[in-house]
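In the numbering used here, the protein residues as written are 794 to 1354.
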Amino acid sequence: METNTKVTEMPRGRIGEMLIKAGHLTKEQLELALKEQKRTGELLGEVLQNLGFVTEGTISAVLATQAGVRQVDLKNYLIEPEVLTLVPETIARRYKLIPLFMENNHLTIAMANTFDVIALDEIQRMVNTQIEALSAPESEIISAIEEHYGMQGDASEILEEIIRLAESGSVKEEDLARRSPVIRLVDQIIIKGVKDGATDIHLEPEEKTLRVRYRLDGVLQSGPSIPKSLQAPTVVRIKIMSGLNISENRLPQDGKIRFFVGKKKIDLRVSTFPTVFGENVVLRILDKGRLIMGLEKLGFTEENLDIFKKLLKKPYGIVLVTGPTGSGKTTTLYSALSHINNLEMNIITLEDPVEYELPLIRQSQINPKAGLTFASGLRSILRQDPDVILVGEMRDAETAEMAIRSALTGHLVFSTLHTNDSVGALPRLRDMGIEPFLISSCLLGIVAQRLIRLVCAHCKEPCELEQDVLEQLNLSHNEHTFYHGKGCKECNYTGYKGRIAVFEVLVMSSKIKKLIVERAESNLVKKVGCEEGMMTLFQDAFRRALQGVTTIEEVLRVTYG
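See below:
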């Protein structure tokens, strides 16, 4: 089998000459280093670092540039155990390299010296596949080898040893958190969540254990239980990764982790909260690769999609997206911005936090401690000559008033509210002190949404509904065919795999605007909206059940009532 290795030829210039050429070293410094090298017999790179002329990172970067390869930060990589088995630890230590990931029969490794063709040839013969070499500083390579290969061999014995140390109290929690078994334990918890497609990872302290749960398709599912003695070092490890204060366990903290699983770039939003049995930790997984960008892919019916697109073409006004946390509001708003985004438009956002970075859009994260709130930020944005503004959430009267002022002065504004349905946004705005005539004059439309689980395609089968469900829906036995998933390995025996959004789009017609000014009840506004063609959340979800893509149980769980 013929294989290829991505590597360039050995550079003709020595490391000192390359550093001079790159502007990191002077000729005088190199001459001094060469004299010192003759005296000590050390490698030139080590001498240059000892003299303080350059750092290891600088040398690594220059070598990477010369070799035409990318330099990586190994602290940002989570390496799966099966990838480590491809390269023995003895080989990794000998050549100062570590495998990162295998993708499409292509092994990517990180090396301290990407010009080491002997090492590359040996790895290539060993794995019998294509090799791509990336560059990393030698110290990072060695640290990564210690961390990742440290759990190779009898993992149970190593874990038992770390538990014994934790229970003895002879080693500080911070020191335990920096040891390989704990590092690998946390890595595996995160890797499993990413690979399974979880949106959140919960580490929940109990009296005798630390329970791990994953939110998959909107529902929490049980993961491993960690011995209570490893609770503190596990939490400390996550705090170290996210830059939190490891000595503070009495107050909530928020942080962020950025890393790679294979080629996939992942952001984790970290939240800690003190409880009676220790700190509860929730990791929100922000996987940009899973972000659906494109209105057509979200789940809109053709009618709702046409209505929503017409709202996006308006030159000014407010479009609200409502729903509970985790209902996909951010994805809908980002897809809307991407739909209208172009070089002729200035789009600025205020978010908390900025979950995904979008091209050509100026995104800002609020910072209340520094005085940057939604309201103050929105006031400043108006001086930035925007065409479109996204306000992450209308949380108070001041923010709502500023958003309305922005709409009335010729800007298209997007924002969110936490309400149960579309018409629920109207009393919420009134409760904030917004006058009804202002609501009717600037509000263009309200989109309410939910995420419903899809029936697993691998174990999908027709089913009959219980009599009480039929009566609840006013249906007869033979009127429609409905489906459910009986459970299989593909869906983790839940019967569901994946989610899709269902929508309720309320457009501000002249009749509805009149009702708003008259402070009409929400039920009356909803009735008129339905008369004018609005499909409710329940109706949209029920349509999905009729199509066989979800279950009646899921429709009732998410939207009924």
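For each residue, glycine too, the CB sits at the ideal point set by N, CA and C.
Here the structure is a predicted model, which means the values were calculated and not measured.
Proximity to residue i [Cα-Cα], best of the options
{"i": "Y1149", "options": "A1163, I1078, G861, I1133", "result": "I1078"}
{"i": "K916", "options": "Y888, E933, L1266, Y1289", "result": "Checking the displayed sequence, the identity of residue 916 turns out to be Ile instead of Lys. Of the listed residues, the one whose Cα sits closest to I916 is Y888."}
{"i": "S1315", "options": "V1184, L1091, L1219, S1302", "result": "L1219"}
{"i": "L900", "options": "G1326, L877, G1116, G962", "result": "L877"}
{"i": "I1050", "options": "N1042, I1031, N1038", "result": "I1031"}
{"i": "I1033", "options": "G816, E1257, V910, D980", "result": "D980"}
{"i": "V1074", "options": "F1101, K1090, V1029", "result": "V1029"}
{"i": "E829", "options": "L1165, G845, E1324", "result": "G845"}
{"i": "S1064", "options": "H995, I852, F1053, V1206", "result": "H995"}
{"i": "L978", "options": "H1211, I1227, I1019", "result": "I1019"}
{"i": "E785", "options": "H1251, D1333, G1164", "result": "Outside the modelled stretch of the chain, which goes from 794 to 1354, sits residue 785, for which no answer is possible."}
{"i": "P874", "options": "L836, S973, N843, L927", "result": "S973"}
{"i": "S1015", "options": "N1042, T1343, Q1046, N1285", "result": "N1285"}
{"i": "S853", "options": "N897, P881, T907, N1139", "result": "T907"}
{"i": "R886", "options": "R863, I938, I924", "result": "I938"}
{"i": "R1336", "options": "I1293, M1301, L1308, E1325", "result": "I1293"}
{"i": "V975", "options": "H941, G962, K1081, E999", "result": "H941"}
{"i": "M1328", "options": "G1170, A991, L1098", "result": "L1098"}
{"i": "F894", "options": "L879, T883, I884", "result": "L879"}
{"i": "N1135", "options": "L1151, V1147, T1125", "result": "L1151"}
{"i": "K965", "options": "D914, G838, T1027", "result": "T1027"}
{"i": "I1057", "options": "K1001, Y870, N1139", "result": "For clarity, residue 1057 is Lys in the given sequence; the question names Ile instead. Among K1001, Y870, N1139, the Cα nearest to that of K1057 belongs to Y870."}
{"i": "Y1109", "options": "P1117, I1174, L1205", "result": "L1205"}
{"i": "G838", "options": "T858, Q859, L812", "result": "L812"}
{"i": "S1208", "options": "D1224, G1226, T1202, D1189", "result": "D1189"}
{"i": "R1223", "options": "V910, P892, E1311", "result": "E1311"}
{"i": "D1080", "options": "I891, P881, P1067, F1053", "result": "F1053"}
{"i": "V987", "options": "F1066, L1061, K1090", "result": "L1061"}
Supposed close pair residue i, residue j - CB separation, criterion 8 Å
{"i": "V920", "j": "V1114", "result": "Incorrect: roughly 48 Å between the Cβ atoms, too far for contact."}
{"i": "K1253", "j": "G1278", "result": "6 Å"}
{"i": "Y1276", "j": "V1295", "result": "Not a contact, Cβ separation roughly 17 Å."}
{"i": "L1244", "j": "G1341", "result": "With 8 Å as the limit, L1244 and G1341 do not qualify as a contact, their Cβ atoms being about 18 Å apart."}
{"i": "L1088", "j": "S1128", "result": "5 Å"}
{"i": "V1321", "j": "K1306", "result": "Incorrect: roughly 11 Å between the Cβ atoms, too far for contact."}
{"i": "A826", "j": "L836", "result": "Their Cβ separation, rounded to whole angstroms, is 11 Å, which puts A826 and L836 out of contact at 8 Å."}
{"i": "V862", "j": "S928", "result": "5 Å"}
{"i": "V1298", "j": "G1238", "result": "6 Å"}
{"i": "T1094", "j": "D1261", "result": "Not confirmed; about 29 Å, so no contact."}
{"i": "N1170", "j": "I1154", "result": "Note on residue identity: the sequence assigns Gly, not Asn, to residue 1170. G1170 to I1154, Cβ: 15 Å. No contact."}
Beta-ladder partner(s) of residue i, from DSSP
{"i": "R1062", "result": "K1049, R1077"}
{"i": "F1275", "result": "C1256"}
{"i": "R1292", "result": "R1246"}
{"i": "D993", "result": "R1008, R1077"}
{"i": "F1207", "result": "V1112, L1183"}
{"i": "T1002", "result": "P1020"}
{"i": "N1160", "result": "L1165"}
{"i": "R755", "result": "Because the chain is modelled from 794 through 1354, residue 755 falls outside the range shown and cannot be assessed."}
{"i": "P1067", "result": "E1072"}
{"i": "S1015", "result": "R1006"}
{"i": "L871", "result": "V1054"}
{"i": "V1298", "result": "V1240"}
{"i": "Q864", "result": "S928"}
Residue i at chain D interface by Cβ criterion, 7 Å
{"i": "G1341", "result": "Of the protein chains in this structure there is only one, and it is not chain D."}
Give a yes or no on contact between the stretch 1019-1027 and the stretch 955-973, applying the rule of three or more CB pairs nearer than 8 Å.
Segments in contact, yes.
Touching or not, the stretch 1178-1198 and the stretch 1139-1146, by the rule of three or more beta carbon pairs under 8 Å?
Of all C-beta pairs linking the stretch 1178-1198 to the stretch 1139-1146, three or more are shorter than 8 Å, placing the two stretches in contact.
Within the chosen definition, does the stretch 928-939 reach the stretch 901-913 through at least 3 CB pairs nearer than 8 Å?
With the cut-off at 8 Å, the stretch 928-939 and the stretch 901-913 touch.
Complete runs of the beta strand (DSSP E) confined to the stretch 887-928 [at least 3 residues]
You should have 890-895, 899-904, 923-928.
I'd like to know if the stretch 1001-1017 and the stretch 1101-1114 are in contact, where contact means that at least 3 CB-CB pairs between them fall below 8 Å.
With the cut-off at 8 Å, the stretch 1001-1017 and the stretch 1101-1114 do not touch.
Tell me whether the stretch 1224-1240 and the stretch 1189-1201 touch, counting them as touching only if at least three CB pairs, one residue from each stretch, are closer than 8 Å.
Yes, since at least three Cβ pairs between the stretch 1224-1240 and the stretch 1189-1201 fall closer than 8 Å, the two stretches touch.
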